[in-house]
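Below: the structure, in structure tokens.
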Amino acid sequence: MQFFGGSEISPSPPVPTATGNNAHMMYVFNRNGVCLLYREWNRPLHTLNPQQDHKLMFGLLFSLKSLTAKMDPTKYHFVSLSLHSFQHQFSVAVYNFLLMMRSAEKGNLGIPQLPGQGCSFHSFRTNTYKLSFMETPSGIKFILVTNPRTGDLRETLKYIYNLYVEYVAKNPLYTPGTLIRCELFNTALDQYVRSIA
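Numbers 516 to 712, taken from the numbering used here, label the letters of the sequence shown in order.
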């Protein structure tokens with residue numbers, strides 16, 4: 516069976532895009548915003564408690580996804596984006612984020628799309644980190660935070676998704692939507708992430 520063009524646990528994982536200790540942390544969320552997995556490899560500063568951190572990360576993704584969809588030039592025909600228009604779009608994204616945080620327990624927060632469908636983002640970079648993002652057709656969201664010098668990690672996230680399918684989704688003892696507590700998955704993930712780091 517193939518997932519995103521790869522085989523079940525591809526024998527040849529993607530080639531590392533940089534060297535050094537690059538991977539900081541990884542999140543896996545379901546479509547309702549529940550953090551199913553959080554792994555940390557190189558995060559020296561802890562500023563929030565874990566629940567706040569997870570809510571903030573999911574809210575950021577929700578807002579960015581909403582903003583990129585609203586700014587999609589194929590869907591909305593912008594002649595030019597004035598400062599006022601951008602401020603309005605940003606205000607709408609913040610409002611949606613606050614609304615989403617208030618109703619986090621009430622249902623589906625992320626409508627999954629097929630790969631290539633709609634306007635989406637796959638990463639952004641600051642001067643201190645790079646966030647790479649992939650959403651599966653089932654609504655599972657994979658977020659990998661790395662060093663800002665790290666290259667394109669889309670193939671890396673697809674490989675991690677294949678690990679997830681093989682060790683978690685196919686595991687008869689795993690109940691979908693619950694926290695991921697599979698040592699085989701954690702070991703394979705740690706080993707792979709250290710190989711790209």
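Where is the CB? At the ideal position from N, CA and C, for every residue including glycine.
None of the values given here were measured: they were computed from a predicted structure.
Check                                                                                                        : Outcome
Minimum C-alpha distance to K673 - residue among Y707, G574, G548, K585                                      : Y707
C-beta atoms of K656 and Y542 nearer than 9 Å                                                                : yes
Rounded straight-line distance, which links the Cα of N537 to that of T661                                   : 5 Å
Limits of the alpha helix (DSSP H) - the one that E670 falls within                                          : 669 to 679
Of the listed residues L688, E698, L579, nearest to Y650 (C-alpha basis)                                     : Reading off the sequence, residue 650 comes out as Glu, not Tyr. Residue L579 is the option with its Cα nearest to E650.
Assigned exposure category for T665 - 16 Cβ within 10 Å defines buried                                       : buried
L678 versus D568 - alpha carbon distance                                                                     : 25 Å
Spatial distance of P565 from L576 (CA atoms)                                                                : 17 Å
Endpoints, beta strand (DSSP E) assigned at H569                                                             : Where H569 is concerned, there is no enclosing beta strand (DSSP E), although the alpha helix (DSSP H) it sits in stretches over 565 to 585.
Beta-ladder partner(s) of F544, from DSSP                                                                    : C550, K656
Cutoff 8 Å; reference A684; Cβ partners in own chain excluding five residues on either side                  : P691
Sequence-distant residues of the same chain with beta carbon closer than 7 Å to N686, five excluded per side : C697
Secondary structure of R696, DSSP reduced to three states                                                    : coil
C-alpha gap between I695 and Y689, whole angstroms                                                           : 8 Å
For S647, three-class secondary structure by DSSP                                                            : strand
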